[in-house]
Amino acid sequence: MKKETKLNLQKIVKVKPTKPFTFDPTFHKPDHFTSGDNYWEAGIRWQTWNWRGKCLGIKFSNKGTAANPLVEIKIYAKEKLSADFVDSLIEEIKYLYNFNLDLSDFYNTFKNDHFLNPILKKWRGMRPGHP
């Protein structure tokens, strides 16, 4: 039986990914094997996270658009978190979700490609990979 842990909201951080950025295709990839420690619905992803030995709950919310992206990150923990802890966690999140990835060269290279252009239009702003 799994033990339930009560977590309290400790910090809210807003992050601006590079443009374009689309939230749902970045955070929800149904073909990935799910681990049971996350939940997604349009515009929101809940994720458990172990960072520096602390068990966390993280809620990601879409607060922007593809052209003007903004992601709100709510961090839940049992106890208060230091600024250094939060800063390092946010940097890890930016890295894992490729928030700073500049895809402009990629889009420019293939914008006239007969086969890839329709796919790029459909998935424009999606970032590769996630935890």
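Note that the sequence shown ends on residue 143 in our numbering; no numbers are left out. For glycine and all other residues, C-beta sits at the position ideal for the given N, C-alpha and C. Keep in mind it's a predicted model, so treat the numbers as computed, not measured.
Per DSSP, reduced to three states, the secondary structure at Phe111 is coil, with no helix or strand assignment. Secondary structure note for Ser73: it is in no alpha helix (DSSP H), and the uninterrupted beta strand (DSSP E) holding it is 66–74. Note on geometry: alpha-carbon atoms of Asp99 and Ala78 lie some 25 Å from one another. Our two residues, Phe35 and Leu115, have alpha carbons roughly 15 Å apart in a direct line.
Counting other Cβ atoms within 10 Å of its Cβ, Ala95 stays below 16 and is therefore classed as exposed. In this model, Lys92 and Phe127 are separated by some 51 Å (Cα to Cα). Looking at the DSSP output, Asn20 shares a beta bridge with Ala89.
Between Cys67 and Lys23, the alpha-carbon positions lie close to 14 Å from each other.
Closest option to Arg139, judged by alpha-carbon separation, among Asn62, Val25, Lys14, Phe118: Phe118.
In the DSSP assignment, Asn62 falls outside any alpha helix (DSSP H) and lies within the beta strand (DSSP E) extending over 56–63.
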